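Enquirer: Here's a structure for you.
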Amino acid sequence: MTDTNQFQDKFQRYIRYLQYRNYSRKTIKTYALHLERFFRLSGLPEAALRHD
413 MTDTNQFQDK
423 FQRYIRYLQY
433 RNYSRKTIKT
443 YALHLERFFR
453 LSGLPEAALR
463 HD
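In our numbering, the protein residues as written are 413 to 464.
What follows is the structure, encoded as structure tokens:
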């Protein structure tokens with residue numbers, strides 16, 4: 413599995429978590445926008461996502 417696939421998988425899981433927590437669509441959209449921008453700028457999506 414490539415880094416991009418792992419990144420997208422974690423990203424989608426995070427969005428599903430926000431939906432599960434009943435965040436508004438607008439809030440989720442904002443989170444997604446900022447996360448996407450951050451990881452694109454970092455140039456290391458997998459490393460940036462790893463929190464464990």
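The beta carbon of each residue, even a glycine, is placed where N, CA and C say it ideally should be.
In this text, all values refer to a predicted model and were calculated from it rather than measured experimentally.
Using only CA atoms, which one of Gln418, Tyr429, Phe423 lies nearest to His446?
Expert: Among Gln418, Tyr429, Phe423, the Cα nearest to that of His446 belongs to Phe423.
Enquirer: Please look up how many angstroms separate the CB atoms of Phe419 and Phe451, rounded, as I've assumed it's under 8 Å.
Expert: So it is a contact: roughly 7 Å between Cβ atoms.
Enquirer: Helix, strand or coil for Arg425? Go by DSSP, reduced to three states.
Expert: Looking at Arg425 - three-state DSSP - the assignment turns out to be helix.
Enquirer: Between which residues of its own chain and Tyr426 is the CB-CB distance below 6 Å, once the five residues before and five after are set aside?
Expert: Contacts found: none.
Enquirer: Rounded to whole angstroms, what's the CA-CA distance from Arg437 to Gln431? Just pull it up for me.
Expert: Each residue's Cα considered, the two are about 8 Å apart.
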